[in-house]
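J.: This structure is in structure tokens; I'll ask about it shortly.
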Amino acid sequence: MRQTAGTSALIAAVTAAGALFLVFEIRTALSPFLIYAVLAFLLHPLRTNPMIDRLFWGVTILFGAWVFSELSGLLTPFLIALVLAYLFEPLMNALLARKIPRVLSALLITFFGVGGIVLVGVLLTPEITRQIAAIGALIPLLPDYFERFLSWIFSFDVFSWLSLDVESVKLRVLTALNEQLNNIGVLVTNFTQTLWKSIPKVITTITTIILLPFLTFWFLNDFNRFSDTVSRILDKKPASGVRKYITMAGGIFNQYIRGQLIVMLIEMTLYSTIFSIIGINYSLLLGLLSGAALWLPYIGISTAIALTSLVISLGTNPAEQFLWAGLTYLSIQVLEVFFMVPKIVGGKVQLNPIILFLSIFSFGYFFGIAGILISIPVSAFLIALVREQLYPENASIIEQSPPAAGRSRP
2 MRQTAGTSAL IAAVTAAGAL FLVFEIRTAL SPFLIYAVLA FLLHPLRTNP MIDRLFWGVT
62 ILFGAWVFSE LSGLLTPFLI ALVLAYLFEP LMNALLARKI PRVLSALLIT FFGVGGIVLV
122 GVLLTPEITR QIAAIGALIP LLPDYFERFL SWIFSFDVFS WLSLDVESVK LRVLTALNEQ
182 LNNIGVLVTN FTQTLWKSIP KVITTITTII LLPFLTFWFL NDFNRFSDTV SRILDKKPAS
242 GVRKYITMAG GIFNQYIRGQ LIVMLIEMTL YSTIFSIIGI NYSLLLGLLS GAALWLPYIG
302 ISTAIALTSL VISLGTNPAE QFLWAGLTYL SIQVLEVFFM VPKIVGGKVQ LNPIILFLSI
362 FSFGYFFGIA GILISIPVSA FLIALVREQL YPENASIIEQ SPPAAGRSRP
């Protein structure tokens with residue numbers, strides 16, 4: 002028996018050496034597809050071992066990430082359509098509850114939902130573009146405005162009591178401001194040149210818009226089949242252990258994305274309408290930015306308020322508009338904090354402000370804009386995992402919203 006074990010080890014060592022030699026010789030022909038196929042072939046018979054099973058799933062996840070990165074441009078319309086189908090699934094369930102056939106429901110949602118989004122985008126884009134260009138034209142006026150503002154600030158007696166060289170301070174501030182404005186001008190020029198060179202991407206975007214309604218229709222029509230397929234996969238023994246985590250993540254992302262979008266649309270409408278009534282210039286653009294600031298807590302709304310204040314300051318009636326704009330921001334923020342977010346978004350993604358800022362900056366640093374957008378729900382999910390490991394006796398760590406009566410399962 003001992004000789005047999007030694008012989009087997011020798012054969013295994015020789016085989017491994019031969020395999021390494023072959024890999025070295027054909028290294029230029031290797032691809033992630035081939036490597037994954039070989040690893041899956043070797044690991045699959047040994048998946049009864051828990052560590053081998055985890056290794057297999059780890060390799061599969063890495064291979065999936067590589068495929069996604071390679072095909073990200075090609076998959077963009079499919080991903081957007083899948084997200085839209087996911088967002089409209091509650092409406093689909095409501096139509097199905099009224100005995101409307103699934104195909105007809107998908108067609109109605111695609112025509113009125115996706116078509117409405119595209120129509121609004123087409124109608125608003127020229128006005129938004131005009132307002133962005135008009136705000137850009139204000140940049141050369143900023144040095145004169147800030148010079149007058151600094152003169153007013155330094156006119157107070159407290160600065161003479163402190164024996165400050167007011168003119169020197171003003172010169173330094175204005176010099177720094179001019180440098181930053183020059184940098185903004187260079188960035189705008191570079192952005193324009195980059196946009197001009199991105200004609201193929203523009204064509205790809207147009208193709209995506211054309212494909213989007215068709216893909217969304219088919220995803221809506223077959224969404225129940227996707228859900229059933231995922232449920233059957235999770236019910237199998239190897240994946241049953243992660244079912245509760247996927248359910249937890251689905252609940253968090255479901256509540257956050259749908260809730261945030263609803264609140265954001267409400268706030269965009271309120272801000273734009275009220276700013277237009279007050280008479281603030283570029284009310285549509287400022288309203289859209291103020292509503293979209295919900296995706297970047299604290300930082301986003303502070304930036305929107307600063308930009309609105311700048312536009313009001315350069316207007317014809319700043320004192321009155323400052324008062325009404327301040328009341329508008331205060332009222333909508335109170336409505337958001339005490340009503341819209343608790344009732345629409347819920348409590349699953351409420352984070353400590355320190356963790357919130359840390360997650361936003363960390364995800365933004367590693368993953369850019371996309372990381373900022375997903376930082377809050379991903380952080381909420383990770384914290385939920387940590388809490389469940391620390392307090393396994395609790396059946397539910399995250400606050401669960403009560404199910405609505407008659408709500409069908411997506």
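Here the numbering used here is used: the first residue of the sequence shown is 2, the next is one more, and so on.
Beta carbons are placed, not taken as given, at the ideal position from N, Cα and C, and that holds for glycine.
State the Cα-Cα distance for the pair residue 318 and residue 152, rounded to the nearest angstrom.
T.: Mapped onto the sequence shown, residue 318 falls at position 317. Mapped onto the sequence shown, residue 152 falls at position 151. Taking the straight line from one Cα to the other gives about 20 Å.
J.: In its own chain, which residues sit with a C-beta less than 7 Å from the C-beta of residue 40, not counting the 5 before and 5 after it?
T.: On the sequence shown, residue 40 is found 39 positions in, with the first residue counted as 1. The residues are 60.
J.: Determine the burial state of residue 353: buried for a count of at least 16 other Cβ atoms within 10 Å of its Cβ, exposed for fewer.
T.: For the purposes of this step, residue 353 is taken as residue 352 along the sequence shown, with counting starting at 1. The residue in question, residue 353, is exposed, as its Cβ has fewer than 16 Cβ neighbours within 10 Å.
J.: Three or more C-beta pairs closer than 8 Å, one from the stretch 360-367 and one from the stretch 376-388: is that the case here?
T.: yes
J.: Is the beta carbon of residue 279 closer than 7 Å to that of residue 325?
T.: Locating residue 325 in the sequence shown gives position 324, where the first residue counts as 1. Locating residue 279 in the sequence shown gives position 278, where the first residue counts as 1. Residue 279 is positioned such that its CB atom lies closer than 7 Å to that of residue 325.
J.: Pick from 227, 52, 48: whose alpha carbon is nearest that of residue 86?
T.: The count along the sequence shown starts at 1 and reaches residue 86 at position 85. Closest by alpha carbon: 227.
J.: Are the CB atoms of residue 271 and residue 78 within a distance shorter than 7 Å?
T.: By 1-based counting over the sequence shown, the position of residue 78 is 77. By 1-based counting over the sequence shown, the position of residue 271 is 270. It is not a contact, given that the beta carbons lie outside the stated cut-off.
J.: Quick one: using the 10 Å Cβ neighbour count with 16 as the cut-off for buried, is residue 283 buried or exposed?
T.: Within the sequence shown, numbered from 1, the residue matching residue 283 stands at position 282. Per the 10 Å Cβ criterion, buried.
J.: Comparing C-alpha positions only, which one of 121, 123, 92 sits nearest to residue 108?
T.: Taking the first residue of the sequence shown as position 1, residue 108 is located at position 107. Of 121, 123, 92, the residue nearest in Cα terms is 92.
J.: Is residue 284 helix, strand or coil by DSSP?
T.: For the purposes of this step, residue 284 is taken as the residue at position 283 of the sequence shown. Assignment of residue 284 by DSSP, reduced to helix, strand and coil, places it in the helix class.
J.: Leaving aside the five residues before and after residue 341 along the sequence, list all residues of the same chain whose C-beta is less than 7 Å from its C-beta, in chain order.
T.: For the purposes of this step, residue 341 is taken as the residue at position 340 of the sequence shown. Taken in chain order, the residues that qualify are 264, 267.
J.: Can you find the residues in the same chain that come closer than 6 Å, C-beta to C-beta, to residue 99, ignoring five residues on each side of it along the sequence?
T.: In the sequence shown, counting from the first residue as 1, residue 99 sits at position 98. Hits under 6 Å: none found.
J.: Compute the Euclidean distance between the alpha carbons of residue 31 and residue 24, then round it to the nearest angstrom.
T.: Translated into the one-based positions of the sequence shown, residue 31 becomes position 30. Translated into the one-based positions of the sequence shown, residue 24 becomes position 23. Rounded to the nearest angstrom, the two C-alpha atoms are 8 Å apart.
J.: What does the alpha-carbon distance come out to for the pair residue 303 and residue 253?
T.: Counted from its first residue, the sequence shown places residue 303 at position 302. Counted from its first residue, the sequence shown places residue 253 at position 252. Taking the straight line joining both Cα atoms gives about 26 Å.
J.: Can you give the Cα-Cα distance for residue 144 and residue 308, rounded to whole angstroms?
T.: Stepping through the sequence shown from its first residue, residue 144 is reached at position 143. Stepping through the sequence shown from its first residue, residue 308 is reached at position 307. Each residue's alpha carbon lies about 16 Å from the other.
J.: So residue 367 packs on residue 373, CB below 8 Å; how close in whole Å?
T.: If you number the sequence shown from 1, residue 367 lands on position 366. If you number the sequence shown from 1, residue 373 lands on position 372. Not really, about 10 Å apart at Cβ, beyond 8 Å.
J.: Please list the segments of the alpha helix (DSSP H) lying wholly inside the stretch 47-112, counting only runs of 4 or more residues, in order along the chain.
T.: DSSP runs (the alpha helix (DSSP H)) wholly in the stretch 47-112: 51-71, 73-98, 103-109.
J.: Which of the three DSSP states is assigned to residue 272 in this structure?
T.: Here residue 272 corresponds to residue number 271 of the sequence shown, with the count starting at 1. Secondary structure at residue 272: helix, using DSSP grouped into helix, strand and coil.
J.: Could you give the C-beta distance for residue 1 and residue 273, rounded to a whole number, given that I count them as a contact under 8 Å?
T.: A query on residue 1 cannot be resolved here, the shown segment of the chain reaching from 2 to 411 and no further.
J.: Along the alpha helix (DSSP H) that carries residue 325, what are the first and last residues, could you check?
T.: In the sequence shown, the residue the question calls residue 325 occupies position 324. From DSSP, the alpha helix (DSSP H) with residue 325 extends over 319-336.
J.: Report whether the distance from the Cβ of residue 214 to the nearest heavy atom of the ligand ZN is below 6 Å.
T.: The model on display carries no ligand, and the ligand ZN is accordingly not part of it.
J.: Can you tell me whether residue 122 is buried or exposed? The criterion is at least 16 other CB atoms within 10 Å of its CB, across all chains shown.
T.: Taking the first residue of the sequence shown as 1, we reach residue 122 at position 121. With fewer than 16 Cβ atoms within 10 Å of its Cβ, residue 122 is classed as exposed.
J.: Where does residue 310 fall in DSSP's three states?
T.: Translated into the one-based positions of the sequence shown, residue 310 becomes position 309. Residue 310: helix per DSSP, three-state reduction.
J.: Can you say whether residue 257 is buried or exposed, counting buried as having 16 or more other CB atoms within 10 angstroms of its CB?
T.: Within the sequence shown, the letter at position 256 stands for residue 257. By the 10 Å Cβ count, residue 257 comes out buried.
J.: How would you call residue 320, buried or exposed, if buried means at least 16 neighbouring beta carbons within 10 angstroms?
T.: Counting from one through the sequence shown, the residue named residue 320 turns up at place 319. Exposed.
J.: So what's residue 21 in DSSP terms, helix, strand or just coil?
T.: Within the sequence shown, numbered from 1, the residue matching residue 21 stands at position 20. Helix.
J.: Among 15, 169, 378, whose alpha-carbon lies nearest the alpha-carbon of residue 250?
T.: For this step, residue 250 is matched to residue 249 along the sequence shown. Closest option to residue 250, Cα to Cα, is 378.
J.: Could you name the residues of the same chain whose beta carbon sits closer than 8 Å to that of residue 101, not counting the 5 residues immediately before and after it, in chain order?
T.: Taking the first residue of the sequence shown as 1, we reach residue 101 at position 100. Apart from the 5 residues on each side of it in sequence, residue 101 sits with its Cβ closer than 8 Å to the Cβ of 109 in its chain, given in chain order.
J.: Among 81, 275, 37, 219, whose alpha-carbon lies nearest the alpha-carbon of residue 66?
T.: Taking the sequence shown and counting its residues from 1, one reaches residue 66 at position 65. Nearest to residue 66 by C-alpha distance, out of 81, 275, 37, 219, is 37.
J.: Can you tell me where the alpha helix (DSSP H) with residue 354 in it begins and where it stops?
T.: Your numbering for residue 354 matches position 353 in the sequence shown. That run of the alpha helix (DSSP H) goes 354-391.
J.: If the criterion is Cβ atoms closer than 7 Å, does the pair residue 387 and residue 222 meet it?
T.: Along the sequence shown, one-based indexing puts residue 387 at 386. Along the sequence shown, one-based indexing puts residue 222 at 221. Their beta carbons are not under 7 Å apart, which means residue 387 does not touch residue 222 by this criterion.
J.: Name the two residues that bound the continuous alpha helix (DSSP H) containing residue 39.
T.: Taking the sequence shown and counting its residues from 1, one reaches residue 39 at position 38. Residues 33-44.
J.: Buried or exposed: residue 292, going by 16 or more other Cβ atoms within 10 Å of its Cβ?
T.: Taking the sequence shown and counting its residues from 1, one reaches residue 292 at position 291. Answer is buried; the Cβ neighbour count reaches 16.
J.: Excluding sequence positions up to five away, which residues of its chain have a Cβ less than 8 Å from the Cβ of residue 200?
T.: Here residue 200 is taken as the residue at index 199 of the sequence shown, counted from 1. Caution applies to residue 200, whose pLDDT of 48 falls short of 50 and renders its modelled position unreliable; the value that the coordinates give is listed next. Around residue 200: no qualifying Cβ.
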